[in-house]
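> Before anything else, here's the structure in question.
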Amino acid sequence: MADDPVLNATAAAVPADALVETVPPEVSPLRAFWSAFSENRGAVLGLAVVVFITLLAIFAPVLALHSPIEQFREHVLLPPVWAGGEWAFPFGTDAVGRDVLSRLIYGARISLGIGLSVMLVSVAVGIVLGLAAAFLRGIVEVVVMRVMDLVVAIPSLVLAILVVAVLGPSLTNTIVAVTVVYLPRYVRLVRAAAMAELSKEYVVAAQVAGVGRLRLMFVTVLPNCLAPLIVQAALGISDAILEAAALGFLGLGAQPPTPEWGAMLADSREFIRSAPWIVTLPGLAILVTVVAINLMGDGLRDALDPKLRRS
Amino acid sequence: MFRFFLRRVALTLPTFVALMFVTFVAVRLVPGDPIEARTGERGIAPERLAMLRHDLGLDQPVWQQFLHYANGILHGDFGVSIVTKTPILHEFAILFPATLELAFCGLIFAIVLGIPAGVIAAVKRGSIFDHSVMTVALAGYSMPIFWWGLLLIMFMSEYLGLTPVSGRMDLINYYFEPVTGFMLIDSLLSDQEGAFGAAVAHLILPSIVLGTIPLAVIARMTRSSMLEVLSEDYVRTARAKGLSPLRVVGLHALRNALIPVVTVIGLQTGTLLAGAVLTETIFAWPGVGKWLIESISRRDYPALQGGIMLISGIVILVNLIVDLLYVAINPRIRHGG
């Protein structure tokens, strides 16, 4: 490089301080990301709503007016305040006199908790299996990828139902079931991204330098596969929330009296005519949460992974 | 091309075997002995228990049981329901037309609305229409369809009184023997006045609910595929030749834009069958989805096992056919075969 005549000539001709000015100012990756992300107004709105719901979930014990499972038997099926209810129960009460607003706020804990747990577990397992398939090849790759093909072949909800039927309905088993359903996405993604990186020069260089296999997998290659993984993980949270709510609705997820949004909807079915608010509000909570996360995920994708940018 | 077909079919076989294995193992993992579950709490004499276990093949080694199970499936024997004592394939065959009819109408709803919406959104990119379509698609894609179903029942059936709340047919006014199992066809064949209208009315809300997510997916896919095609040189050439915009969009662009859309439509089978579980539960639609959920609450594990095997088998087959068709209609893709 030092013998390059052109380069040396340029360096000699241009004064040192002028050279410094032509280099653009250093932008921190975080700032660069934010400027790309905030271009998308929908994504910022989504982020704001997600932050709001997360705060609700964290501070549920402070914000909720009542316990989510306390039954006020003298206030059964009370309408919301805008329909002539009482301020003590702003969103009304359900069939056994529980405060709907408090249940919705605590429900945010459960739904976000499920979404995050599923995402974290499936990303962790997905990274391990995906990297193993990409690096070890051979029988490991064949077995892992065939199993993932099978999981994908079974319709998501049907597979989740099978898992819950075997393990029994509960909140923990909902997380297990939904994790199983969404695992293949991460495994396939990590494997494909890692294989694309493997042929690049920096990986070959690291190998030549004698970097161990584990270090090569997790320290050299993995960070370069993270962008699509983060995008998929964000969108995966919303899918997990929907799937878990569907299981709750079918009576196969969270069990009463847990204030899970899907299970709340299932309880409300017989009151379609007499108490429409207990049908409308939990579903609206699910829809708003999922839309917000999807908006945020779309923004993340545009900012982090320009290749996937929607036209 | 033929070799690719063979290879793709051959790759499906291990998936089928694994599916048999998973359903086999899953049901054995369920806590509780199947015989005890049947005899209840009164208990049973040890000799009788041994006989029953022998009848069901439960005294054989597990690998023999699996071979027996796999052999049965290959011969169309998916086991017998514990509750109704009828073969599972028979129960499935009776209920499946209801699910198929619903899934078909849901898909038609999604295609008829989704493709034009996507095309117009792409042509009028950046317009209010485009933004509305994308917003509705986002909402549809994020929709908890079980809630959407309840909302529609609340508004359309209870408030406006336009559509029936549940079921496939108005059984008080009409009765006819099932011929094909498809209510739309059977009601026409029955020659009863108003029967077809009643069948259509029962299908409207469930089809909308089931078609909502595919609608969002199809609209988004059509839009982005169309945008890509519209920027191609040959479309510009067609415009430069002075062809009418309708001809350019409808004839030149749409035909190529539809290739990925057709694939996406084919891949909706899994979404439709999973959605059918929820839709059928909400609308008391007597199909395989509702039957599957009921078999869980009745602890009818053979039915659950056979049902999941059949539903997943259908999805695998349809995906295989879509894959093969995709290669057949798009010769640019050779998959290295």
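Protein chains in written order, with the numbering used here: chain A, 1 to 311; chain B, 1001 to 1337.
Each residue gets a CB set at the ideal place from its N, CA and C atoms; glycine is no exception.
Model, not experiment: these values are computed from the prediction.
Look at the Cβ atom of Val50 of chain A, then the Cβ atom of Val118 of chain A, and state whether they are nearer than 8 Å.
Numbered from its first residue, the first sequence carries residue 50 of chain A at position 50. Numbered from its first residue, the first sequence carries residue 118 of chain A at position 118. No, Cβ-Cβ distance for Val50 of chain A and Val118 of chain A is not below 8 Å.
> So Asn40 of chain A contacts chain B; which residues on that side make the cut at Cβ distance below 7 Å?
Reading the first sequence from its first residue, position 40 is the one you call residue 40 of chain A. Those within 7 Å of Asn40 of chain A in chain B number zero; the least Cβ separation is about 12 Å.
> Within 8 Å of any Cβ in chain B, is that where the Cβ of Val76 of chain A sits?
Here residue 76 of chain A corresponds to residue number 76 of the first sequence, with the count starting at 1. By this cut-off, Val76 of chain A is not an interface position.
> Assuming Ala1137 of chain B contacts Ala1219 of chain B under a Cβ cut-off of 8 Å, what Cβ separation, rounded to an integer in Å, is found between them?
Start at 1 with the first residue of the second sequence, and residue 1137 of chain B comes out as number 137. Start at 1 with the first residue of the second sequence, and residue 1219 of chain B comes out as number 219. Right, the Cβ-Cβ distance comes to about 5 Å (below 8 Å), so this counts as a contact.
> Which class does Thr280 of chain A belong to by DSSP, given the choice of helix, strand or coil?
Locating residue 280 of chain A in the first sequence gives position 280, counting from the first residue. Here Thr280 of chain A sits in helix by DSSP.
> Name the residue from B:Glu1177, B:Thr1237, B:Leu1100, B:Leu1189 whose alpha carbon lies nearest to the alpha carbon of Gly1275 of chain B.
Numbered from 1 along the second sequence, position 275 holds the residue referred to as residue 1275 of chain B. Closest option to Gly1275 of chain B, Cα to Cα, is B:Leu1100.
> In chain order, what residues of the same chain have a beta carbon less than 6 Å from the beta carbon of Phe1024 of chain B, not counting five sequence neighbours either side?
Indexing the second sequence from 1 puts residue 1024 of chain B at position 24. Counting only Cβ-Cβ distances below 6 Å, and skipping sequence neighbours, we find Phe1066, Tyr1069.
> To the nearest angstrom, how far is the alpha carbon of Ile1213 of chain B from that of Gly1270 of chain B?
In the second sequence, residue 1213 of chain B corresponds to position 213, counting from 1. In the second sequence, residue 1270 of chain B corresponds to position 270, counting from 1. Answer to the nearest angstrom: the Cα atoms are 12 Å apart.
> So is Leu1162 of chain B buried or exposed if we call it buried at 16+ other beta carbons inside 10 Å?
Within the second sequence, numbered from 1, the residue matching residue 1162 of chain B stands at position 162. With fewer than 16 other Cβ atoms within 10 Å, it is exposed.
> Is the region 1070-1083 of chain B touching the region 1291-1306 of chain B in the sense that three or more CB pairs, one from each, lie closer than 8 Å?
Taking 8 Å as the limit for Cβ pairs, the verdict is that the region 1070-1083 of chain B does touch the region 1291-1306 of chain B.
> Going by the DSSP bridge assignment, what does Pro1087 of chain B pair with across the sheet?
Within the second sequence, numbered from 1, the residue matching residue 1087 of chain B stands at position 87. Answer is B:Val1080, bridged to Pro1087 of chain B.
> Shortest alpha-carbon distance to Leu1150 of chain B belongs to which of A:Pro256, A:Asn173, A:Asp267, A:Ser111?
Position 150 of the second sequence holds residue 1150 of chain B. Answer by Cα proximity: A:Asp267.
> For the alpha helix (DSSP H) containing Phe37 of chain A, list its first residue and its last residue.
Residue 37 of chain A sits at position 37 when you count from the first residue of the first sequence. First-last of the alpha helix (DSSP H) with Phe37 of chain A: 29-37.
> Please work out which residues of its chain come closer than 7 Å, Cβ to Cβ, to Val1165 of chain B, disregarding the five sequence neighbours upstream and downstream, and give them in chain order.
Sequence index remark: in the second sequence, residue 1165 of chain B carries index 165 (1-based). Ile1153, Ser1157, listed in sequence order.
> Flag this pair as yes or no: are the beta carbons of Pro1279 of chain B and Leu1210 of chain B separated by less than 8 Å?
For the purposes of this step, residue 1279 of chain B is taken as residue 279 along the second sequence, with counting starting at 1. For the purposes of this step, residue 1210 of chain B is taken as residue 210 along the second sequence, with counting starting at 1. Residue identity differs from the one stated: residue 1279 of chain B is Thr in this sequence, not Pro. Contact: yes.
> Just to confirm, are Ala1253 of chain B and Leu1230 of chain B a CB contact at a threshold of 8 Å?
Against the second sequence, residue 1253 of chain B aligns to sequence position 253. Against the second sequence, residue 1230 of chain B aligns to sequence position 230. Yes.
> Using beta-carbon positions only, say whether Leu1102 of chain B and Trp1291 of chain B come within less than 8 Å of one another.
Numbered from 1 along the second sequence, position 102 holds the residue referred to as residue 1102 of chain B. Numbered from 1 along the second sequence, position 291 holds the residue referred to as residue 1291 of chain B. No. Outside cutoff.
> Helix, strand or coil for Ala1018 of chain B per DSSP?
Taking the second sequence and counting its residues from 1, the one referred to as residue 1018 of chain B is at position 18. Correct three-state label for Ala1018 of chain B: helix.
> Is there contact here, the region 1232-1241 of chain B with the region 1199-1208 of chain B, by at least three beta-carbon pairs under 8 Å?
Short answer: they don't touch.
> Take Leu150 of chain A as the anchor and find which of B:Arg1003, B:Leu1317, B:Leu1019 has the nearest alpha-carbon.
Residue numbering aside, residue 150 of chain A sits at position 150 when the first sequence is read from its first letter. Nearest of B:Arg1003, B:Leu1317, B:Leu1019 to Leu150 of chain A, Cα basis: B:Leu1019.
> Which one or two residues does DSSP pair with Asp99 of chain A in a beta bridge?
On the first sequence, residue 99 of chain A is found 99 positions in, with the first residue counted as 1. Note: Asp99 of chain A sits in a beta bridge opposite A:Thr93.
> Count the other CB atoms, across all protein chains shown, that sit within 10 Å of the CB of Thr1135 of chain B; report buried if there are 16 or more and exposed otherwise.
Within the second sequence, numbered from 1, the residue matching residue 1135 of chain B stands at position 135. Label assigned to Thr1135 of chain B: exposed.
> Measuring alpha carbon to alpha carbon, tell me which of B:Leu1188, B:Tyr1159, B:Arg1223, B:Val1133 ends up nearest Ala275 of chain A.
Stepping through the first sequence from its first residue, residue 275 of chain A is reached at position 275. Minimum Cα distance to Ala275 of chain A is reached at B:Tyr1159.
> In terms of residues, what are the limits of the alpha helix (DSSP H) holding Phe1146 of chain B?
Within the second sequence, residue 1146 of chain B is the residue found at index 146, counting from 1. Where Phe1146 of chain B is concerned, the enclosing alpha helix (DSSP H) stretches over 1145-1152.
> My output table needs one value for Glu1177 of chain B: the three-state DSSP class, helix, strand or coil.
Sequence index remark: in the second sequence, residue 1177 of chain B carries index 177 (1-based). If DSSP states are grouped into helix, strand and coil, Glu1177 of chain B belongs with coil.
> Quick one: give me the first and last residue of the alpha helix (DSSP H) that Tyr1159 of chain B is part of.
Within the second sequence, the letter at position 159 stands for residue 1159 of chain B. Looking at the DSSP string, Tyr1159 of chain B is not in any alpha helix (DSSP H), and its letter there is neither H nor E.
> Taking Leu250 of chain A as the reference, give the member of B:Arg1236, B:Ile1282, B:Arg1223 with the closest Cα.
By 1-based counting over the first sequence, the position of residue 250 of chain A is 250. Considering only alpha carbons, the answer is B:Ile1282.
> Does the beta carbon of Phe37 of chain A come closer than 8 Å to any beta carbon on chain B?
Reading the first sequence from its first residue, position 37 is the one you call residue 37 of chain A. Cβ-Cβ to chain B under 8 Å: no for Phe37 of chain A.
> Does Ser122 of chain A get closer than 8 Å to chain B when you measure Cβ to Cβ?
For the purposes of this step, residue 122 of chain A is taken as residue 122 along the first sequence, with counting starting at 1. Output row for Ser122 of chain A: interface = no.
> Using only alpha-carbon positions, find the residue among B:Met1051, B:Gly1197, B:Asp1077, B:Ala1257 that is nearest to Tyr1234 of chain B.
The residue given as residue 1234 of chain B occupies position 234 in the second sequence. Answer by Cα proximity: B:Ala1257.
> What residues of chain B sit near Ser238 of chain A, judged by a beta carbon separation below 7 Å?
For the purposes of this step, residue 238 of chain A is taken as the residue at position 238 of the first sequence. Simply Ser1142.
> Of all the CB atoms in chain B, is at least one closer than 8 Å to the CB of Val178 of chain A?
Counting from 1 along the first sequence, the entry for residue 178 of chain A is found at position 178. Closer than 8 Å: no.
> Could you tell me whether the Cβ atoms of Ala133 of chain A and Glu141 of chain A are closer together than 8 Å?
On the first sequence, position 133 is the one that residue 133 of chain A refers to. On the first sequence, position 141 is the one that residue 141 of chain A refers to. In contact: Ala133 of chain A and Glu141 of chain A (Cβ atoms closer than 8 Å).
> Beta-carbon within less than 8 Å of Glu1091 of chain B's beta-carbon, same chain only, minus the 5 sequence neighbours each way: which residues are those?
On the second sequence, residue 1091 of chain B is found 91 positions in, with the first residue counted as 1. These residues qualify, in order along the chain: Ser1081, Thr1084, Trp1291, Ala1303.
> Report the residue ranges of all beta strand (DSSP E) runs contained in full by the region 208-294 of chain A; include only those spanning at least 3 residues, in chain order.
For the region 208-294 of chain A, not a single whole beta strand (DSSP E) run of length 3 or above is found.
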